[in-house]
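Asks: To start, I am sharing the structure in question, which I have written as structure tokens.
In the numbering used here, the protein residues as written are 10 to 381.
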């Protein structure tokens, strides 16, 4: 590159200066373009942010009902079920629902789809005697962070079982339900059956956690063959019955079953009992704190606190209540063996009617060993 007029062949210094200026401008633009190209290449080599569409994430409000209306949560008298079903059927991924009141009934979450609300502000209102969700045969689905509200009204203590459940799960496996509030159903807040799926090796049942079920006929019911379920941090209160277990292989822990007419009821159906209840508060229930009826395969109930009501073991075998705290009446009936062991007993004015076949050992009061 020529840097001085004396080195050039131009006889005119002015012409040389103009040519020299044009050359420098051209070279400058070339440098700028090269720099921009380099930046573009570097940016192109980095991973791009994933858009909601490419991630399978979508919002209910992006879909329309069959009549063309928008499910905006502002009109709870409008049926938004068709729009939600379309969103759930749009493929694997995440469906989100914003705050508002939505009328929903008989909707199914497809396999490998997660439905997420915006917390208690997302209210799904059931149609009379129809469930909000009906899960039959789907696997790998998730439901969390919203409220289900039934159509029952009046005094919750007068609720009857009309089969009007909030969430029905039957024949499903490998599912998870969390962060729900369920209320006002003339049935069970959550009704589960037949989760012992052979194809999943009988082990991939489901997970329930952080759920409040109140003012229903039943808070949560583990019905026939609702097996291999892990349930924790459930709050079942102000129901006719807080929780009913008909199935085997259930693991219930760290839950509060209180202020119901009956607290925890265990009655064997097909392949029932032989599960565990651990670390639960079963307090202030009006009639039965625990009622075990015709339990044939045993039940391990450990580290639980029973305040008020009656613990009744009727025609049952292998029920073990151990390492807990009991301030409730105890009634055991039948010739089969059960065990009440290692508990702190607060007698107060409670009544104790214990059959000879009930093994009572290692229990104690503040005054020393306790015998019924």
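Every residue gets a Cβ at the ideal spot worked out from N, C-alpha and C, and that includes glycine.
1. Using the Cβ count rule (16 or more neighbours within 10 Å means buried), how would you classify residue 228?
2. Which word fits residue 379, buried or exposed, when buried means at least 16 other C-beta atoms lie within 10 angstroms of its C-beta?
3. Given this structure, state the Cα-to-Cα distance separating residue 232 from residue 197, to the nearest angstrom.
4. Sort 170, 117, 289, 298 by Cα distance to residue 270 and report the nearest one.
5. Indicate whether residue 275 and residue 282 have their beta-carbon atoms separated by less than 8 Å.
6. Short check: CB of residue 313 to CB of residue 327, under 8 Å?
7. Please report the distance separating the alpha-carbon of residue 117 from that of residue 147.
8. Please list the segments of the beta strand (DSSP E) lying wholly inside the segment 181-260, counting only runs of 3 or more residues, in order along the chain.
9. Compare the beta carbon distance of residue 114 and residue 139 with 8 Å and say whether it is the shorter of the two.
10. Can you tell me whether residue 359 is helix, strand or coil according to DSSP?
11. Using 8 Å as the cut-off, can you tell me whether the segment 159-174 makes contact with the segment 182-190, which would need three or more C-beta pairs spanning the two stretches below that distance?
12. Measuring straight from C-alpha to C-alpha, what distance separates residue 249 and residue 241?
13. In three-state DSSP terms, what is residue 60?
14. Grouping DSSP H, G and I as helix and E and B as strand, with all else coil, what is residue 71?
15. Locate the alpha helix (DSSP H) running through residue 94, then write down its first and last residues.
16. By the three-class DSSP mapping on this structure, what secondary structure does residue 147 have?
17. So the candidates are 189, 152, 254, 164; which of them puts its Cα closest to the Cα of residue 201?
18. According to the Cβ coordinates, are residue 97 and residue 132 closer than 8 Å?
19. What is the DSSP secondary structure of residue 166, reduced to helix, strand or coil?
20. With residue 325 and residue 345 assumed to form a contact (beta carbons below 8 Å), what rounded beta-carbon distance in angstroms separates them?
21. If we ignore side chains and look at the alpha-carbon of each, how far apart do residue 153 and residue 357 end up?
22. Quick one, which of 109, 111, 69 has its alpha-carbon nearest residue 102's?
23. Spatial neighbours of residue 126 within its chain, please: CB distance less than 6 Å, with the 5 preceding and 5 following residues excluded, ordered by chain position.
24. Since residue 272 is in the beta strand (DSSP E), which residue starts that stretch and which ends it?
25. Indicate the three-state DSSP secondary structure (helix, strand or coil) for residue 85 in the structure shown.
26. Consult DSSP for residue 101 and reduce its assignment to one of helix, strand or coil.
27. In chain order, what residues of the same chain lie with their CB nearer than 7 Å to the CB of residue 63, ignoring the 5 residues before and after it?
Replies: This is what the structure holds:
1. buried
2. buried
3. 10 Å
4. 298
5. yes
6. no
7. 8 Å
8. 184-192, 197-202, 215-223, 227-231, 238-246, 250-254
9. yes
10. coil
11. no
12. 21 Å
13. Residue placement at residue 60 cannot be trusted, given a pLDDT of 34 that sits under 50; what the coordinates show is reported in the next sentence. Three-state result, residue 60: coil.
14. helix
15. 90-97
16. coil
17. 254
18. no
19. helix
20. 7 Å
21. 42 Å
22. 69
23. 106, 154, 155
24. 271-276
25. coil
26. coil
27. With a pLDDT of 41 at residue 63, under the threshold of 50, the modelled position of this residue cannot be trusted; read the value that follows with caution. Excluding residues within five positions, none has a Cβ falling inside 7 Å.
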